[in-house]
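Written below as structure tokens is the structure these notes are about.
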Amino acid sequence: MGLKQVQELESQLADARAQLQEAQARAEGLRTYIKRLTGALKAARTAWIKSHTELQELKRQQPPPGAPRQAQELQLTAAVQQQQERVVKQLRMELAAEKARNAQLGQWELRLKEQQAELERGKAAIAAERRALLEQEDLSWGAQTDSDHGWWDSEDEEEEDDAWLRGDEKEGDDDDWFREDEKDDDEEIDWEGDGKTHRQRKEEGDGEVDRTEEAGGEEEAVEDEEGEEEVTEASGEVRLAPQLMAEGLTGPLTKKRRGT
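Written as structure tokens, this is what we have:
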């Protein structure tokens, strides 16, 4: 039920109330009129009784009436009866009209109650629709806010964020991809200085040279697959082979050459 229907019901309700008030006013006027008619009927009956008493008194006082006297008495009696009948008939008609109006008034009152009940149902339906619309707007606003700003993260995401803030985050997938990237970067470095990356050397099958240092500081010569030789001195430093020295790669190396 929409707002327009509720307004129509309110208009009908106002019309019914106006008709009810008009009917009540008419009923009150009719009651006053009936009271007047009842008083008139009582007065007519009293007058009839009085005239009848006077007629009987005249009969007792006068000799037996003649023909003209009896005719006058009959006329007087008929006139009183006709007047009484007219009053009674009018009263009956007014009472029937009053009953009809009372019945119509009862119908109007019943219709008024039905319209009031329908109006209350309409107001309740409109209130329910408004509440539903407000709840729907709240839910849609909350969903949009959640998608735009991500206020409510999952429990796993909140736990990861807390671990990161505390500094005790465990190694996971993020560390794995970082190490893989670092490993890939190491593969692309030219560690020998001859224009070949470590990955190219591995693909060509070049030998790797392990240079170790003993704890006692003794000299140890290690020969790689190409026959190059390096010497581990007692100082712990490693001198490169003459070919590498000629290429300008000078400096101390320890234990193993990086990239192996």
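The sequence shown begins at -13 in the working numbering and counts up one residue at a time.
The C-beta atom is built at its ideal place from N, Cα and C for all residues, glycine as well.
Computed from a predicted structure; not experimentally measured.
Item                                                                                                          : Value
Q101 versus Q122 - alpha carbon distance                                                                      : 31 Å
Contact the segment 78 to 89 vs the segment 56 to 70: 3+ CB pairs below 8 Å                                   : no
L23 beta carbon less than 7 Å from that of L77                                                                : yes
DSSP three-state assignment for K85, whether helix, strand or coil                                            : helix
Straight-line Cα distance separating T18 from K109                                                            : 41 Å
Whole-Å CB distance - W34 paired with V74, under 8 Å assumed                                                  : At roughly 12 Å, the Cβ-Cβ gap does not stay under 8 Å, so W34 and V74 are not in contact.
T254 in three-state terms, based on DSSP                                                                      : The question about residue 254 has no answer, for the chain in this structure spans -13 to 246.
Proximity to W94 [Cα-Cα], best of Q(-9), A0, E190                                                             : A0
With 16 other Cβ atoms within 10 Å as the buried cut-off, status of L119                                      : exposed
R197 to D180 span [Cα, whole Å]                                                                               : In this prediction, R197 has a pLDDT of 42, which is less than 50 and means its spatial position is unreliable; what the coordinates show is noted afterwards. C-alpha separation (whole angstroms): 20 Å.
Which listed residue (Q68, G92, T63, T183) has its alpha carbon closest to that of L27                        : Q68
Own chain partners of Q186 with C-beta closer than 6 Å, once the 5 adjacent residues on each side are dropped : none
E178 (DSSP reduced to helix, strand or coil)                                                                  : coil
Residue closest to Q(-7), alpha-carbon to alpha-carbon, out of R117, L105, T183                               : L105
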